[in-house]
Amino acid sequence: MLLPTVVSLLFFFSATVQASPCITFDTNWNLLAFGFDGKDWNAGTQDTWSSSSTAADITTSGRPPFDAANTTCYLSQYANAVYAINADSKNPSSIYIYDATAKSWSIQTVDAGSFDYTSFDAILDHDTNVFYALSHGNLFSLDMGLLKAANSTPLNWLNDEQVPYPSGYVPVMALAQNHIHFLNVPDVPSGSADIFVIHYSYFQPQAQAYPLLNGSSFPAIYGQATSFFQADNTVQQEFAFIPEDSSATYIINVETNTTQALAAPTTQDPKATYVAGVTALVQLTSNGTVSYLPYLEGNTSTNAAATWASVSNLAAAAPPSSTSTSGSSGSA
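Note that the UniProt record's numbering has the sequence shown beginning at 1, numbered continuously upward.
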């Protein structure tokens with residue numbers, strides 16, 4: 001059977017904001033926080049997030065200003081690179097690339113064509129390193145190759161096909177097993193997802209159900225979705241879905257076709273965004289607060305007892321503000 005970046009992410013863009021930070025991981029599972037009060041930070045691995053030390057300042061030249069509406073950041077696991085979309089209001093079509101190994105930025109020129117950067121949700125496919133995005137009823141793709149740094153040849157968003165959804169559908173996209181999962185699709189029941197098979201460019205004719213063990217289901221409402229990575233660099237098998245009302249955290253496993261309901265985020269923020277690594281789901285709220293939920297794939301009892309906690313070493317370096325910001329991580 002049948003995920004993601006994700007990320008996710010995902011994420012529908014509308015408002016104009018002064019600052020739009022995003023969070024993601026590198027392939028050593030350091031939590032990276034970009035655009036926090038004009039600086040970028042490395043909070044380290046999960047075992048250091050609650051330490052008394054502060055996150056490391058990784059701000060460097062060539063970085064984007066993170067001043068466009070709803071920046072999204074996506075980890076390319078094969079390249080150990082971060083792709084930042086909507087990171088520069090003066091260069092809205094460009095994608096900024098952060099080489100997490102070299103710790104350097106570059107700007108990739110992109111021809112947007114009919115793609116609308118102000119209204120979309122997207123995932124970055126793990127195996128192909130291709131973006132898939134839904135915008136105004138059309139599915140677009142953008143092939144990133146294995147770029148760790150920009151090249152001189154512009155990339156192009158391709159308008160691949162019209163999706164079988166009504167014009168008012170606000171996309172919620174998640175990645176797992178090289179399949180895109182569309183949540184909150186009209187006429188699809190709660191606890192189910194429509195599926196697009198990436199390698200065959202094919203929408204499955206029937207939705208897939210992912211019930212909870214008690215027979216209940218995650219709600220068919222708008223929310224955020226992001227995928228859990230695998231430490232061995234294989235395809236994602238699970239993704240998180242957090243409804244807009246923050247009523248719970250749902251983890252969907254596409255291997256077992258089941259869902260776990262875990263603790264709701266402590267901060268219930270409809271503008272919050274999320275990113276997952278291997279063993280943690282991380283929340284970025286609209287005022288810059290960063291929290292995480294520990295997660296162990298396959299360990300149902302441990303996950304059921306897990307609670308959200310602050311990434312305190314990042315908060316020490318970049319305290320949350322009273323001014324609302326709006327940014328995100330990618331669906332995968």
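Where a beta carbon is used, it is the ideal one built from N, C-alpha and C, also for glycine. No experiment lies behind these values; they were computed from the predicted model shown.
Own chain, CB closer than 8 angstroms to residue i, minus 5 neighbours either side, in chain order
{"i": "residue 45", "result": "28, 29, 30, 31"}
{"i": "residue 277", "result": "25, 29, 31, 46, 228, 229"}
{"i": "residue 97", "result": "81, 82, 83, 84, 105, 106, 107, 108, 147, 148, 149, 150"}
Expected contact under 8 angstroms - CB spacing of residue i and residue j to nearest Å
{"i": "residue 110", "j": "residue 139", "result": "Incorrect: roughly 17 angstroms between the Cβ atoms, too far for contact."}
{"i": "residue 115", "j": "residue 183", "result": "Not a contact, Cβ separation roughly 22 angstroms."}
{"i": "residue 306", "j": "residue 294", "result": "5 angstroms"}
{"i": "residue 94", "j": "residue 68", "result": "Contact flag wrong, Cβ pair sits at about 10 angstroms."}
{"i": "residue 231", "j": "residue 189", "result": "Not quite, the Cβ-Cβ distance comes to about 34 angstroms (not below 8 angstroms), so this is no contact."}
{"i": "residue 172", "j": "residue 121", "result": "7 angstroms"}
{"i": "residue 237", "j": "residue 177", "result": "7 angstroms"}
{"i": "residue 117", "j": "residue 92", "result": "5 angstroms"}
Close Cβ partners of residue i (< 6 angstroms) along its chain, the five nearest in sequence each way excluded
{"i": "residue 321", "result": "287, 288"}
{"i": "residue 204", "result": "195"}
{"i": "residue 62", "result": "105"}
{"i": "residue 317", "result": "41, 54, 55"}
{"i": "residue 302", "result": "296"}
{"i": "residue 130", "result": "141, 143"}
{"i": "residue 315", "result": "none"}
For residue i, the nearest candidate out of the options (CA to CA)
{"i": "residue 39", "options": "192, 66, 52", "result": "66"}
{"i": "residue 101", "options": "95, 123, 76", "result": "76"}
{"i": "residue 337", "options": "270, 141, 317, 313", "result": "Residue 337 falls outside the range modelled here, since the chain spans only 1 to 332, and no answer is possible."}
{"i": "residue 113", "options": "268, 135, 175", "result": "135"}
{"i": "residue 243", "options": "231, 285, 264, 49", "result": "264"}
{"i": "residue 253", "options": "153, 273, 226, 168", "result": "226"}
{"i": "residue 119", "options": "143, 127, 168", "result": "168"}
{"i": "residue 333", "options": "175, 165, 78, 72", "result": "Not covered by the structure: residue 333. The range shown for the chain is 1 to 332."}
{"i": "residue 60", "options": "35, 274, 177", "result": "35"}
{"i": "residue 319", "options": "22, 23, 37", "result": "37"}
Chain-order list of residues whose beta-carbon lies under 7 angstroms from that of residue i (same chain, five-residue window excluded)
{"i": "residue 310", "result": "291"}
{"i": "residue 42", "result": "30, 32, 55, 56, 58"}
{"i": "residue 312", "result": "49, 50"}
{"i": "residue 218", "result": "190, 191, 241, 250, 259"}
Notebook entry, point to check: Can you list, in chain order, the stretches of the beta strand (DSSP E) that have 3 or more residues and sit fully within the segment 207-265?
Noted result: 223-228, 238-243, 249-253, 258-262
Check: Per the contact definition of three or more C-beta pairs closer than 8 angstroms, is the segment 94-114 in contact with the segment 204-211?
Finding: no
Checklist line | 3-residue-minimum beta strand (DSSP E) runs that sit fully inside the segment 93-165, ordered along the chain | finding: 95-99, 104-108, 121-124, 130-135, 138-143, 158-162
Next item on the list: Pair every Cβ in the segment 151-159 with every Cβ in the segment 188-199, then say whether three or more of these pairs are closer than 8 angstroms.
Entry: no
Check: Which runs of the beta strand (DSSP E) spanning at least 3 residues fall entirely within the segment 264-315, listed in chain order?
Finding: 273-276, 280-284, 290-294
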